[in-house]
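Position 196 of the sequence shown, counting from 1, maps to 196 under my numbering, and the rest follow consecutively.
What follows is a short report on a single structure.
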Amino acid sequence: MSAGIIRNRRGGCKVEEQLVSTLVELLNIPSPTGRADAAITYVEERLKDLPYSLIRTHKGGLLLEIPGKDEETIRFITAHVDTLGAMVKQIKESGRLRITAIGGVTWHSLDGEGCTIETQSGRCFRGTILATHSTPHVYADARTQPRTEENMEVRLDARVRDADEVRRLGINVGDFVFFDPRVEVTETGFVKSRHLDDKASVAILIELIRRIADERWIPPVTTHIFFSNYEEVGHGANAVISEKVREYLAVDMGAIGEGQESDEFSVSICAKDSSGPYHFGLRQKLVHLAEQHGIRYRVDLYPRYSSDASAALQAGHDLIWGLIGPGVDSSHAYERTHREALVHTYRLLYHYLQTPSL
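Right under this line is the structure:
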């Protein structure tokens, strides 16, 4: 039986079931950048019973330390809980809301999507994101109007006729807007939802940390695992890096599309993104581990992508850096991956953490 796979009595994959269960719980917790505290709290609750230190950073991220045999060298692993979202930009005289994006939102994919507006006091209101010219019975350009930020609005599910009535509900400029994840797990093994980027990787790390604690093995080097909360805006995990960190591995999704090698059934190993090539030696090591342990993988390049690892390099840290993650289709839209991609990413990390640093 392949290392890293645990079977239950029914013949199913126990790790697979745990990964999906944790992922579904995470996906149903709203956590746009700037409002990701509930997701960080979920991660903390899942890990606080383990014999590892947990530290909340000033910025709201969560750092876990697994002591290693070599305490003078640190390996840094990160995934991010923050997701795309929006914020109220203007309350229109019509009673509808103009919103502004948090992160790399693709507005055409949100046309008709349900959402929740959270006020500063914590009250929540439902709504729908629509193009301003959404009905062809009224607007000649309903089918052709560009789906851009300027042309999108939220229709509140409240009896409001003007801006004053909206304000009396407690809704104001600066309130966060959460996109409905619409989580679905299919009988064929797919997980469909918004925000698989990067909650799929967070779920993998939670289950991996719990397994390391259960098995009580000590990694060759001290390992820091950081759950970042500002990745989608470019500065998630570049400020909590110890001077002892030698290797830095970001765990994020592999983007799938025309011209890409990644698929929904494999772990993707990034060779290059918009910031340039990743460390060749670390990439070689990850490929070797995958081949050695029968892990399905794809090496890929992402020309319109960057990660917390590339942000750390740009912040001036001297590191060996890499990027892996499960393949995710339709990233930053209504995303999809497969259970197998979660398991193969989990297994590669499991074996990687048992190796010495380069």
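All residues carry an ideal CB built from backbone N, CA and C; glycine is no exception.
Top-ranked residue by Cα proximity to residue i, from the options
{"i": "Q292", "options": "H332, H344, Y334", "result": "H344"}
{"i": "G122", "options": "I218, G114, F178, L205", "result": "F178"}
{"i": "R283", "options": "S275, Q314, E247", "result": "E247"}
{"i": "L27", "options": "G127, A203, E118", "result": "A203"}
{"i": "V287", "options": "C270, G276, L301, G68", "result": "C270"}
{"i": "S242", "options": "M253, T116, A312, L323", "result": "A312"}
{"i": "G112", "options": "R75, T100, H137, R155", "result": "R155"}
{"i": "P277", "options": "N172, S262, S310", "result": "S310"}
{"i": "I218", "options": "L84, K14, E65", "result": "E65"}
{"i": "S21", "options": "R167, E184, G61", "result": "E184"}
{"i": "R35", "options": "L205, F176, K89, M253", "result": "F176"}
{"i": "E261", "options": "K285, R296, L289", "result": "R296"}
{"i": "T83", "options": "A333, I55, L348", "result": "A333"}
{"i": "G85", "options": "A79, G61, L23, A101", "result": "A101"}
{"i": "F76", "options": "H279, T135, V245", "result": "V245"}
{"i": "V267", "options": "Y346, R168, P146", "result": "Y346"}
{"i": "T41", "options": "I324, A213, V299, G61", "result": "G61"}
One or two residues paired with residue i in a DSSP bridge
{"i": "D70", "result": "V221"}
{"i": "F76", "result": "H224, Y248"}
{"i": "K192", "result": "E184, R336"}
{"i": "V299", "result": "I269"}
{"i": "L358", "result": "Answer by DSSP bridge pairing: none, since L358 is not bridged."}
{"i": "A129", "result": "Strictly speaking, residue 129 in this sequence is Ile, with Ala absent from that position. Paired residue(s): V154."}
{"i": "V177", "result": "A86, I117"}
Test: residue i CB closer than 8 Å to a CB of chain B
{"i": "K48", "result": "Here there is only one protein chain, and chain B is not present."}
Enclosing beta strand (DSSP E) for residue i [first to last residue]
{"i": "E247", "result": "245 to 251"}
{"i": "K89", "result": "85 to 91"}
{"i": "D329", "result": "320 to 329"}
{"i": "E16", "result": "Premise fails: E16 lies in the alpha helix (DSSP H), 14 to 27, not in any beta strand (DSSP E)."}
Residue i - containing alpha helix (DSSP H), residue span
{"i": "G281", "result": "280 to 292"}
{"i": "A203", "result": "196 to 215"}
{"i": "S310", "result": "308 to 314"}
{"i": "R168", "result": "163 to 168"}
Beta-carbon gap between residue i and residue j smaller than 8 Å
{"i": "V251", "j": "S201", "result": "yes"}
{"i": "V240", "j": "T33", "result": "no"}
{"i": "E264", "j": "D329", "result": "yes"}
{"i": "H317", "j": "N238", "result": "yes"}
{"i": "E335", "j": "S193", "result": "yes"}
{"i": "G281", "j": "I225", "result": "no"}
{"i": "V221", "j": "T128", "result": "no"}
{"i": "F88", "j": "I206", "result": "With the sequence shown as reference, residue 88 is identified as Val, and Phe is not the correct amino acid for it. Not a contact, by the Cβ cut-off of 8 Å."}
{"i": "T337", "j": "G322", "result": "no"}
{"i": "D197", "j": "M152", "result": "no"}
Alpha carbon of residue i to alpha carbon of residue j, nearest angstrom
{"i": "R126", "j": "E118", "result": "9 Å"}
{"i": "R98", "j": "I91", "result": "6 Å"}
{"i": "S274", "j": "P303", "result": "5 Å"}
{"i": "R211", "j": "H351", "result": "12 Å"}
{"i": "D70", "j": "I29", "result": "37 Å"}
{"i": "Q354", "j": "Q120", "result": "45 Å"}
{"i": "L208", "j": "R46", "result": "12 Å"}
{"i": "S94", "j": "E165", "result": "10 Å"}
{"i": "E340", "j": "V191", "result": "10 Å"}
{"i": "S109", "j": "R96", "result": "20 Å"}
{"i": "E231", "j": "S31", "result": "12 Å"}
{"i": "T148", "j": "W107", "result": "6 Å"}
{"i": "S331", "j": "A39", "result": "20 Å"}
{"i": "T132", "j": "D180", "result": "20 Å"}
{"i": "E215", "j": "L50", "result": "12 Å"}
{"i": "V233", "j": "S307", "result": "10 Å"}
{"i": "E16", "j": "L63", "result": "25 Å"}
{"i": "G103", "j": "A315", "result": "19 Å"}
{"i": "G12", "j": "G294", "result": "The predicted position of G12 is uncertain, since its pLDDT is 44 and thus under 50; a value taken from the coordinates is nonetheless stated next. So the two alpha carbons sit approximately 19 Å from each other."}
Closer than 7 Å: residue i CB and nearest the ligand HEM heavy atom
{"i": "P219", "result": "As presented, the structure is devoid of all ligands, the ligand HEM included, so that no description of it is given."}
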